[in-house]
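Everything in the sequence shown is counted per the numbering used here, starting at -1 for the first residue and increasing by one. All remarks here apply to the structure that follows.
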Amino acid sequence: MKTHHEGQYDLLVLGDSRVYRGVSPADMSQALPGWRSFNLGYSSAGFGPLMYEEAARRLDPEGARVLVLGITPWSLTESAAQNAHLQQELARPLSERWQRRYVNYYLQDLAPTRPEALWQALRGTTPAPAEYYYQTFDEAGGWMPSRLEPPQPRKALGPYRAEFRQEQVSPARVEALLDQVQTWVAEGVSVYAFRPPTSPDMTALEDELSGLDMSALGRDIEAAGGIWLDIPGEYPSYDGSHLPDSAARRFSRALGAAIAAQR
-1 MKTHHEGQYD LLVLGDSRVY RGVSPADMSQ ALPGWRSFNL GYSSAGFGPL
49 MYEEAARRLD PEGARVLVLG ITPWSLTESA AQNAHLQQEL ARPLSERWQR
99 RYVNYYLQDL APTRPEALWQ ALRGTTPAPA EYYYQTFDEA GGWMPSRLEP
149 PQPRKALGPY RAEFRQEQVS PARVEALLDQ VQTWVAEGVS VYAFRPPTSP
199 DMTALEDELS GLDMSALGRD IEAAGGIWLD IPGEYPSYDG SHLPDSAARR
249 FSRALGAAIA AQR
C-alpha cells in the first residue's frame, strides 16, 4: 500500500487532497521520461514534520532528488500540520493492511442489504441515487483519481468557509516551510511549488478568508531557493475543491511539462 511500501523515487509530489486526487505521476512523467515519480499527498494533509520525514524516507538519495509541493492555504494551518490521515495510515495494523490490499475488493459487493432493497433490485425499481461518487486507487503512482456525477461545483464551499472562519493559516507553519525549502536546496534537492487548481469560487474564498497571500508565498519560496510554478489553463472542479480524473490527468501533464522546462 501507499504508506508502508519501501520504494524510493526521483520525484515526490507533496500536499493535501488536491494533490492526492489531483496529480497523476504517470501523466507527469510523459514530460519527465525515466523518472520514478510518486504522489505523497494525503487527505487534509499539511506541511509539517511528519510530511517532511516521509519525504526524506521516500526520496532516493541516488536519484534526481526532486520535490514538488502542492500548496493550498489549508495545508499551512496547524490542524493540517497534524497530518491525521497520514498518522492513521502509519498506525494501521499489518492484518488490516493485508485485508485492505487483498480481501476488500472481493467483499465490496457483500455489504448487508435490506430486504426491501433486494426486492427493488430484483424488480428493477431501485431509486436512482442523487449522485454517483467514483474513486479508485492507483497503487503504482499513489494517487486517487475521482469524480462526482453530476458535478456539484459549490458543494465544498460551505465547509471551507466554516473552517477558515475558525482557523487561518499559521505564520509559524509558513516560516517552517520556508526554512525547510532552504534546507532541502542546501542539500541539493530541487524544490518546485505550485497552487493546485480548484474552482474560481474556492480560490476567491481562500484568498479572502485564509489569511494567506499566495503571491507573496511564491516570492518567498523563490527567495528560499525553490521555483514557483504558475500553471495556466482552466480545470473544472466536481465539488468546488477537487478536479475530476480527466482534468487531473490534463493538469498533471502540464505540471510535468512546466518542471521539464526548468531543468
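We put the beta carbon where it would ideally sit given N, CA and C, even for glycine. As the structure is a computational prediction, the values presented were derived from the model and not from experiment.
Spatial distance of residue i from residue j (CA atoms)
i, j, result
"residue 255", "residue 25", "10 angstroms"
"residue 189", "residue 37", "15 angstroms"
"residue 54", "residue 215", "23 angstroms"
"residue 33", "residue 9", "7 angstroms"
"residue 261", "residue 198", "30 angstroms"
"residue 161", "residue 150", "19 angstroms"
"residue 117", "residue 236", "The pLDDT assigned to residue 117 is 45, lower than 50, so where the model puts this residue is not dependable, and the model offers no usable value."
"residue 186", "residue 247", "29 angstroms"
"residue 241", "residue 43", "17 angstroms"
"residue 233", "residue 139", "21 angstroms"
"residue 131", "residue 147", "6 angstroms"
"residue 264", "residue 41", "Since the first and last residues shown for the chain are -1 and 261, residue 264 lies out of range."
"residue 29", "residue 212", "26 angstroms"
"residue 141", "residue 135", "6 angstroms"
"residue 76", "residue 48", "13 angstroms"
"residue 60", "residue 81", "28 angstroms"
Proximal residues to residue i (C-beta, below 7 angstroms), its chain only, five neighbours per side dropped
i, result
"residue 250", "21, 22, 25, 26"
"residue 209", "166, 167"
"residue 252", "229, 231"
"residue 182", "65, 189"
"residue 244", "none"
"residue 218", "176"
Assumed close pair residue i, residue j - CB separation to whole angstroms, cut-off 8 angstroms
i, j, result
"residue 180", "residue 223", "6 angstroms"
"residue 16", "residue 144", "That pair is no contact at about 11 angstroms."
"residue 39", "residue 5", "With 8 angstroms as the limit, residue 39 and residue 5 do not qualify as a contact, their Cβ atoms being about 16 angstroms apart."
"residue 45", "residue 175", "5 angstroms"
"residue 200", "residue 238", "5 angstroms"
Beta-bridge partners of residue i, as assigned by DSSP
i, result
"residue 37", "11"
"residue 25", "DSSP, once it has assigned bridges, lists no residue as partnering residue 25."
"residue 147", "130"
"residue 65", "10, 189"
"residue 57", "7"
"residue 225", "190"
"residue 136", "141"
Contact set for residue i: own chain, Cβ-Cβ below 6 angstroms, skip 5 residues either direction
i, result
"residue 204", "71"
"residue 51", "none"
Any non-hydrogen atom of the ligand GDP within 7 angstroms of residue i CB
i, result
"residue 74", "With respect to the ligand GDP, the structure shown offers nothing to examine, as it has no ligands at all."
| Is the number of C-beta pairs between the stretch 225 to 244 and the stretch 190 to 209 that are closer than 8 angstroms three or more? | With a cut-off of 8 angstroms, the stretch 190 to 209 and the stretch 225 to 244 count as touching, because enough Cβ pairs lie within range.
| said: Tell me whether the stretch 155 to 174 and the stretch 52 to 64 touch, counting them as touching only if at least three CB pairs, one residue from each stretch, are closer than 8 angstroms. | reply: Counting Cβ pairs under 8 angstroms, fewer than three are found: no touch.
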